[in-house]
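Peer 1:
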Amino acid sequence: MAIPTKGTALLNFLTVNIDTMMTANQCENLIIFGDLNQNVVCDAFNTLLVVYDLHNYVSFPTHSSAGSSLDPVVTDLPPHTAQCFPLDFMGTSDHVAVLTKIQLKRPHEHYVEPHCGLGQQVKLAPHKPQLLNVSMSSVALRLIWDGKTLVPQNKVEVLGVTYDYRMTFRTHIERLALEASGKLASLKRMSWLLGSIGMEILYKAHVRSCMEYACLRWGGAANKHLALLDKVQGRAVRLIRNSGAGQEPRLHSLQYH
0 MAIPTKGTAL LNFLTVNIDT MMTANQCENL IIFGDLNQNV VCDAFNTLLV
50 VYDLHNYVSF PTHSSAGSSL DPVVTDLPPH TAQCFPLDFM GTSDHVAVLT
100 KIQLKRPHEH YVEPHCGLGQ QVKLAPHKPQ LLNVSMSSVA LRLIWDGKTL
150 VPQNKVEVLG VTYDYRMTFR THIERLALEA SGKLASLKRM SWLLGSIGME
200 ILYKAHVRSC MEYACLRWGG AANKHLALLD KVQGRAVRLI RNSGAGQEPR
250 LHSLQYH
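Numbers 0 to 256, taken from numbering that gives the first Met the number 0, label the letters of the sequence shown in order.
1. Tell me the rounded alpha-carbon separation between T19 and R240.
2. For V206, which three-state DSSP category applies?
3. V231: buried (16+ other C-beta within 10 angstroms of its C-beta) or exposed?
4. Specify whether the stretch 172 to 188 and the stretch 198 to 213 touch according to this definition: at least 3 beta carbon pairs, one from each stretch, less than 8 Å apart.
5. Going straight from the alpha carbon of S258 to that of L48, what length do you get?
6. Excluding sequence positions up to five away, which residues of its chain have a Cβ less than 8 Å from the Cβ of T161?
7. Report the rounded CA-to-CA distance for R188 versus I196, giving the unit in angstroms.
8. Would DSSP call L123 helix, strand or coil?
9. Counting only the same chain and skipping the five closest in sequence on each side, list residues whose C-beta sits under 7 Å from that of N11.
10. Check this for me: beta carbons of A235 and L183, under 8 Å apart or not?
11. Rounding to the nearest angstrom, what Cα-Cα distance links L9 and L149 in this structure?
12. Within 10 Å of its beta-carbon, does P128 have 16 or more other beta-carbons around it, so buried, or fewer, so exposed?
13. Across which residues does DSSP place V231 in a beta bridge pair?
14. On the DSSP bridge list, what partners appear for A81?
15. Across which residues does DSSP place P151 in a beta bridge pair?
16. Distance, Cα to Cα, C26 vs Y164?
17. In this structure, how does DSSP classify D163 when only helix, strand and coil are distinguished?
18. For the alpha helix (DSSP H) holding V49, just list the boundary residues, first then last.
19. Taking buried to mean at least 16 other C-beta atoms within 10 Å of its own C-beta, is A81 buried or exposed?
20. Which value, in whole angstroms, describes the spacing of the CA atoms of G218 and V15?
21. By how many angstroms is the C-alpha of L131 removed from the C-alpha of K147?
22. Candidates C214, L186, A213 and L215: which alpha carbon is nearest L201's?
23. Since T74 sits in a beta bridge, which residues does DSSP pair it with?
24. So, is I2 buried or exposed, given that buried needs 16 or more other C-beta atoms within 10 angstroms?
25. Which one of Q102, H251 and R141 has the shortest CA to CA distance from P151?
26. So, at 7 Å on beta carbons, what are the nonlocal neighbours of D52 in its own chain, with the 5 sequence-adjacent residues on each side left out?
Take a look at the structure:
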C-alpha cells in the first residue's frame, strides 16, 4: 500500500484508511503528529478531525520551517490525557524537527449528582431570547426585550437545528458529523461482539438517524458541507464491510440527497 507523504492526498488517505490500519495493528486509540500543515490543507484537515472525532488538544511544536506554522498533535484521547515533551531538535536553520516524548495518563472519572428544583423551570426572562439577524441590509437591527437590548448572535439553535447568520448550515452539519462520528467510534469498539448485520442495524438506528434529523430544514445546504456526512457514512460502510465477509451493507443514500 503506497502511502502519500504530504498534502491533501495524505489527509484523504488517512480519512479512508485509519480504521483499517488500527484494526491491523490492534490499536485502541490514535495519536497523529508531524508534518500535517493544517493551514495549507485546512478543509481536508478539518474533515479528518470530524470523521474520526479527533481533537487538537495537545499544543506542542513538532515541526517548523521557513514560512510555515507549527504542526499539530491530534488524538481521540480525552483532554489532558496526552502530554508531549521535547527531547531534542534536529534539522537546518530553515527546517527544524522536534524529537518528542509522549506521556499518557489515565483520566479520572467524575460523577456529578444532578439536582433539580423549582428554580430550574423554564421561564420567560429577558436573558432567554436570542437574536439572529439574517439580512442583506447594512443597517444594524436593535431590539429591546423587557428593557434589555438583545445582542445579535452569529448562530442560534432552534429545536435541535443550528442556524447561522449566513444560512449556510455549515455549523449545524459539522455538529451532526461530530455527534455521528462519536457514536460510530463507540460502535467500532463493540464490533468484535457483532457481525456485519448487527453493525448495520445499530448504525441505522443510532448513528444514521442523528444525521437525518430535521433534514428538510438543512438539506438544501451546499454540497461541500453535506459531503462531510457522506464521509462519515463512508467510514461506516467500511467498518460494516470489514466486520463481515466483505459483503456490502444495504445502505441507501442519506435522506437529504
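All C-beta atoms in this analysis are idealised placements derived from N, C-alpha and C, irrespective of residue type, glycine included.
Peer 2: The relevant details are as follows:
1. The residue given as residue 19 occupies position 20 in the sequence shown. The residue given as residue 240 occupies position 241 in the sequence shown. Between T19 and R240, the alpha-carbon positions lie close to 11 Å from each other.
2. Residue numbering aside, residue 206 sits at position 207 when the sequence shown is read from its first letter. In the three-state scheme derived from DSSP, where H, G and I count as helix and E and B as strand, V206 is classed as helix.
3. The residue labelled residue 231 in the question sits at position 232 within the sequence shown. The residue in question, V231, is buried, as its Cβ has 16 or more Cβ neighbours within 10 Å.
4. Between the stretch 172 to 188 and the stretch 198 to 213 there are three or more inter-stretch CB-CB distances shorter than 8 Å, so the stretches are counted as touching.
5. The structure shown does not extend to residue 258, since the chain spans only 0 to 256, so no value can be given for it.
6. Walking along the sequence shown from the start, residue 161 turns up at place 162. In chain order, K154, V155, F168, T170, H171 and R174 place their CB closer than 8 Å to the CB of T161, counting only its own chain and leaving out the 5 sequence neighbours on each side.
7. In the sequence shown, residue 188 corresponds to position 189, counting from 1. In the sequence shown, residue 196 corresponds to position 197, counting from 1. The straight-line gap from Cα to Cα measures roughly 16 Å.
8. Walking along the sequence shown from the start, residue 123 turns up at place 124. Legend: pLDDT at L123 = 47, less than 50; position of this residue unreliable, value from coordinates given subsequently. L123 sits in coil when the DSSP states are folded into three classes, being neither helix nor strand.
9. On the sequence shown, position 12 is the one that residue 11 refers to. Excluding sequence positions up to five before and after N11, its CB lies within less than 7 Å of the CB of A43, all in the same chain and listed in chain order.
10. For the purposes of this step, residue 235 is taken as the residue at position 236 of the sequence shown. For the purposes of this step, residue 183 is taken as the residue at position 184 of the sequence shown. Here A235 is near L183, since their CB atoms are less than 8 Å apart.
11. In the sequence shown, the residue the question calls residue 9 occupies position 10. In the sequence shown, the residue the question calls residue 149 occupies position 150. Whole-angstrom Cα-Cα distance: 46 Å.
12. Your numbering for residue 128 matches position 129 in the sequence shown. Result: exposed.
13. For this step, residue 231 is matched to residue 232 along the sequence shown. For V231, DSSP records no beta bridge to any residue.
14. Here the question's residue 81 lines up with position 82 in the sequence shown. Note: A81 sits in a beta bridge opposite L103.
15. The sequence position of residue 151 within the sequence shown is 152, counting from 1. P151 pairs with L130.
16. Within the sequence shown, numbered from 1, the residue matching residue 26 stands at position 27. Within the sequence shown, numbered from 1, the residue matching residue 164 stands at position 165. Near 42 Å, if we compare the C-alpha coordinates of Y164 and C26.
17. Working through the sequence shown from its first residue, we reach residue 163 at position 164. Here D163 sits in strand by DSSP.
18. To locate residue 49, count along the sequence shown from 1; it is residue 50. Counting along the chain, the alpha helix (DSSP H) containing V49 begins and ends at C41 to V50.
19. For the purposes of this step, residue 81 is taken as the residue at position 82 of the sequence shown. Under this definition A81 is a buried residue.
20. Walking along the sequence shown from the start, residue 218 turns up at place 219. Walking along the sequence shown from the start, residue 15 turns up at place 16. One alpha carbon belongs to G218, the other to V15, and they sit about 24 Å apart.
21. Within the sequence shown, numbered from 1, the residue matching residue 147 stands at position 148. Within the sequence shown, numbered from 1, the residue matching residue 131 stands at position 132. If I take the Cα positions, the gap works out to 16 Å.
22. Numbered from its first residue, the sequence shown carries residue 201 at position 202. Taking L201 as reference, the option from C214, L186, A213 and L215 with the minimal CA-CA separation is L186.
23. For the purposes of this step, residue 74 is identified with residue 75 of the sequence shown, where counting begins at 1. DSSP, once it has assigned bridges, lists I30 and H54 as partnering T74.
24. Residue mapping note: residue 2 aligns to position 3 of the sequence shown, counting from 1. Exposed, since its Cβ has fewer than 16 Cβ neighbours within 10 Å.
25. The sequence position of residue 151 within the sequence shown is 152, counting from 1. Nearest of Q102, H251 and R141 to P151, Cα basis: R141.
26. Residue mapping note: residue 52 aligns to position 53 of the sequence shown, counting from 1. Contacts found: D75, L177, S180, G181 and A184.
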